[in-house]
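Student: To convert a position in the sequence shown, counted from 1, into this note's numbering, add 175.
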Amino acid sequence: MSEAKKRASKPRSVLRSIAAAWLVAGTLDILVAIVYYGVTVGVPATRILQGIASGILGVRAFHEGPASAALGLACHYTIALLWTLFFFVVYPRIGRVTERKWATAVLYGIFVSLVMNLAVVPLSNVPSRPFSLSHLVVATVILIFTIGLPLTIIVGRYYDGHLHAP
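1. Evaluate Pro-219 with the Cβ neighbour count: other Cβ atoms within 10 Å of its Cβ, from every protein chain shown; 16 or more gives buried, anything less gives exposed.
2. Mapping DSSP to helix, strand and coil, what is Ser-309?
3. Roughly how many whole angstroms lie between the Cα atoms of Gly-233 and Thr-202?
4. Measure the beta-carbon distance from Thr-259 to Ile-193 and round it to whole angstroms, keeping in mind my assumption that it falls under 8 Å.
5. Report buried or exposed for Pro-341, applying the criterion of at least 16 other Cβ atoms within 10 angstroms of its Cβ.
6. Quick check on DSSP: helix, strand or coil for Pro-219?
7. Out of curiosity, what's the CA-to-CA distance linking Ile-209 and Val-330?
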């Protein structure tokens with residue numbers, strides 16, 4: 176392959192890797208949340224999505240029907256995209272700290288959970304509730320497997336193929 180073709184294909188490969196990581200992680204995360212909270216607490220999917228929308232709308236989200244559920248889904252995927260982009264940027268530096276990909280996945284899942292549960296959610300319009308260590312642990316485990324692991328695998332594959340490329 177000519178040098179010009181390699182350079183031309185690189186941006187497409189970057190975008191493809193980002194899109195794949197974003198959609199896989201975002202979809203896994205929302206599906207696991209819907210199944211877990213649906214089974215353990217009996218919360219319907221619409222209510223979970225409205226809960227996400229409440230970050231913008233506050234309690235009004237729970238009275239807006241399908242429109243606020245759609246807003247919640249859009250917010251969820253936007254947040255997943257931001258975490259994906261951030262991971263894509265920091266991954267080369269993280270790789271130097273943790274040579275084992277499973278450790279990277281665990282650390283990033285913990286990081287995302289702490290930032291979301293201790294900073295983003297409390298600063299949003301989500302109705303406040305008392306701190307729950309068990310909720311934080313469950314959320315962290317979910318994020319390790321639905322955000323940390325897929326991002327590490329997909330972004331890691333991208334960098335494994337491109338980090339040392341000319």
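Just so you know, even glycine gets a beta-carbon here, dropped at the ideal spot from N, CA and C.
Tutor: For this structure:
1. As a first step, residue 219 must be located in the sequence shown, where it is residue number 44. Label assigned to Pro-219: exposed.
2. Translated into the one-based positions of the sequence shown, residue 309 becomes position 134. It is helical.
3. As a position in the sequence shown, residue 233 is number 58, starting the count at 1. As a position in the sequence shown, residue 202 is number 27, starting the count at 1. If I take the Cα positions, the gap works out to 24 Å.
4. For the purposes of this step, residue 259 is identified with residue 84 of the sequence shown, where counting begins at 1. For the purposes of this step, residue 193 is identified with residue 18 of the sequence shown, where counting begins at 1. The pair is a contact, with the Cβ atoms about 6 Å apart (cut-off 8 Å).
5. Here residue 341 is taken as the residue at index 166 of the sequence shown, counted from 1. Annotation note: pLDDT 38 at Pro-341 (below 50); position unreliable, coordinate value reported separately. So Pro-341 counts as exposed.
6. Position 44 of the sequence shown, counted from the start, is the residue given in the question as residue 219. In the structure shown, Pro-219 sits in coil (DSSP, three-state: anything other than H, G, I, E or B).
7. Translated into positions along the sequence shown, residue 209 becomes position 34. Translated into positions along the sequence shown, residue 330 becomes position 155. Distance between the alpha carbons of Ile-209 and Val-330: 25 Å.
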